[in-house]
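For reference, the structure is listed below as structure tokens.
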Ligand SMILES: *[C@@H]1O[C@H](CO)[C@@H](O)[C@H](O)[C@H]1NC(C)=O
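Set out below in structure tokens:
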């Protein structure tokens, strides 16, 4: 075995180590494509890449429900497409039946990350990643974002939602003003990781455009929100 071969092998070994340390989680990339047919919302390329229509949905079929796409993906094969929908099938617009749904959530102490701040990357999907340990010693979830990376899910009581606590406790004295205010925070908390990690084309999903449309705090641009990144030209 030549010295050269040996050194290349060693370098590849370290490269592999580096790569595995940097990207422990295997999260698919929701990439923007400018060449999908009009009316296509998402095209499944392979298990690591989903193409999202950079041109959005047409006005004749303006909706694309992120949850519907998520449940379609396990049955998709390369080249399969999910079409933009003519009706808005998001179900969170139903006003909750409980009489006190506008009341603020209970606020717990020590729900910030033990180290660092949101958005914070993690590598093991689930609730065992030490990157996501909170000040109180519990683990928050590590969840895939839309950019191929995973992030710790912030707890409702964490500093990631400081605007919620300002709205709730200072301005509104313990409750949200209206259903739409409630809904805005519901979506922000539910989809924090996806929302902050998506490229601009992922606003094609009704859930994320609703967050922008409902934004009454003006903090819609928090986080990473990566402009026009990751456009794939096919
Ligand atoms: C979905 O439907 C609700 C209720 O009709 C509406 O207020 C909301 O704006 C719709 N979402 C989009 C993206 O049009």
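In mature numbering (1 follows the signal peptide of the UniProt record, and there is no 0), the protein residues as written are -24 to -1, 1 to 210.
Positions of the beta carbon are idealized from the N, C-alpha and C atoms, including for glycine.
Determine the closest residue to residue i out of the options, with distance taken between C-alpha atoms.
i: residue 29; options: 6, 116, 50, 43; result: 6
i: residue 21; options: 36, 151, 50; result: 50
i: residue 171; options: 95, 117, 193; result: 95
i: residue 114; options: 84, 123, 37, 97; result: 84
i: residue 9; options: 185, 180, 190, 192; result: 180
i: residue 211; options: 44, 31, 2, 67; result: Beyond the ends of the chain as shown, which are -24 and 210, falls residue 211; an answer cannot be given.
i: residue 79; options: 13, 104, 155; result: 155
i: residue 116; options: 99, 77, 158, 122; result: 99
i: residue 43; options: 193, 191, 190, 184; result: 184
i: residue 38; options: 122, 59, 166; result: 59
For ligand 1, is there any heavy atom lying closer than 7 Å to the beta carbon of residue i?
i: residue 182; result: yes
i: residue 14; result: no
i: residue 69; result: yes
i: residue 186; result: yes
i: residue 189; result: yes
i: residue 63; result: no
i: residue 66; result: yes
With a threshold of 8 Å between beta-carbons, can residue i be considered close to chain C, or not?
i: residue 24; result: Looking at the structure shown, chain C is missing, and only one protein chain is on hand.
Between which two residues does the alpha helix (DSSP H) holding residue i run?
i: residue 169; result: 168 to 173
i: residue 27; result: Per DSSP, residue 27 belongs to no alpha helix (DSSP H); it is in the beta strand (DSSP E), 25 to 29.
i: residue 178; result: That residue, residue 178, is in no alpha helix (DSSP H); it is neither H nor E in DSSP.
i: residue 133; result: No alpha helix (DSSP H) contains residue 133, which DSSP labels as neither H nor E.
Checking the sheet assignment: what are the DSSP bridge partners for residue i?
i: residue 22; result: 25
i: residue 94; result: According to DSSP, residue 94 bridges with nothing at all.
i: residue 88; result: Answer by DSSP bridge pairing: none, since residue 88 is not bridged.
i: residue 151; result: 79
i: residue 1; result: Looking at the DSSP assignment, residue 1 forms no beta bridge with any residue, so it has no partner.
Counting along the chain, where does the beta strand (DSSP E) carrying residue i start and finish?
i: residue 69; result: No beta strand (DSSP E) contains residue 69, which DSSP labels as neither H nor E.
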